[in-house]
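Step one of this worksheet: look at the structure below.
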Amino acid sequence: MEHRRLEAHRPDSGTTHERVTPSGRPPQASALPPGDLGQMRRTLVRSELIGRPIDPPSDHTIRRLATCRCGTVRAICTGDPLRVSVCHCHDCQRRSGSAFAVDARFAEDRVSFDGPTQRWSARGGSGMRSTYHFCATCGSTVAYTTDTRPGQIAIPVGAFADPAFPPPTVSGWEQMQQPWVAITGDDIEHRD
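If you want it as structure tokens, here you go:
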């Protein structure tokens with residue numbers, strides 16, 4: 001099997017980490033090496049979700065890669081998320097197939113997509129519309145937008161498959177939280 005070597009630089013640590021991934025597959029870690037994004041941007045198809053490619057980042061900006069389960073759809077996110085939150089509402093429980101959903105919100109000009117998606121819109125418990133973008137092949141939700149946060153795109157944190165991803169700072173709709181779930185931490189804002 002052919003492998004290629006990738007180097008990822010984290011500006012906060014000043015170190016470079018080497019990773020080896022099978023050729024032709026996206027890396028499992030979410031921080032992309034600066035050189036890879038330029039190559040990926042040249043091959044990206046403009047997303048109907050955004051309509052324009054992201055601005056080129058500086059060499060010290062973190063790039064994160066989120067993918068669907070089969071790897072057909074990729075989201076490249078530049079910089080840190082605006083917010084990482086846990087939602088316990090019933091709509092998010094159904095969407096995630098779990099007791100709660102964890103999502104990272106990015107400014108829409110910091111996210112670029114590659115791969116075909118389907119979309120579905122619905123009004124949630126708040127009465128506001130959300131539009132979900134999911135892989136046409138495997139059905140994984142890769143992103144969604146809401147009327148409540150124009151100009152932002154939410155990406156499910158699990159799509160990054162990165163244990164070093166920033167932790168949540170908000171836990172919302174806790175009145176619908178499963179009784180056996182506890183979101184803990186000193187920096188968590190709890191909302192009903």
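Take the sequence shown: its position 117, counting from 1, is numbered 117 in my numbering, and each next residue is one higher. We treat Cβ as the ideally placed atom computed from N, Cα and C, and that holds for glycine. All figures in this text were calculated on a predicted structure; none of them were measured in a lab.
Worksheet item: Who are A107's beta bridge partners in DSSP?
Response: Q152
Worksheet entry | Three-way DSSP call (helix, strand, coil) for S126 in this model | coil
Worksheet item: Quick one: what does DSSP say F165 is sitting in, helix, strand or coil?
Response: coil
Worksheet item: Can you tell which of G97, H88, I153 and R123 has the C-alpha that lies nearest to the C-alpha of V181?
Response: H88
Worksheet item: Within 10 angstroms of its Cβ, does W173 collect 16 or more other Cβ (buried), or is it exposed?
Response: buried
Discussion item. I want to check one thing, is the minimum distance from the CB of Q178 to the heavy atoms of the ligand COA below 6 angstroms?
Written reply: No copy of the ligand COA appears in this structure; indeed no ligand is present at all.
Practice prompt. Indicate the three-state DSSP secondary structure (helix, strand or coil) for G158 in the structure shown.
Written response: helix
Discussion item. Tell me the rounded alpha-carbon separation between V177 and D109.
Written reply: Looking at the sequence shown, residue 177 is not Val but Gln. Taking the straight line joining both Cα atoms gives about 32 angstroms.
Worksheet item: What number of angstroms, rounded off, separates the C-alpha of P150 from the C-alpha of V102?
Response: 19 angstroms
Worksheet item: Based on the DSSP output, what are the partners of E189 in its beta bridges?
Response: V170
Worksheet item: Does the Cβ-Cβ distance between S112 and I76 come in under 7 angstroms?
Response: yes
Worksheet entry | Cβ-Cβ distance between R119 and T131 below 7 angstroms | yes
Fill in: From G124, P166 and T117, residue whose alpha carbon lies closest to that of C135
T117
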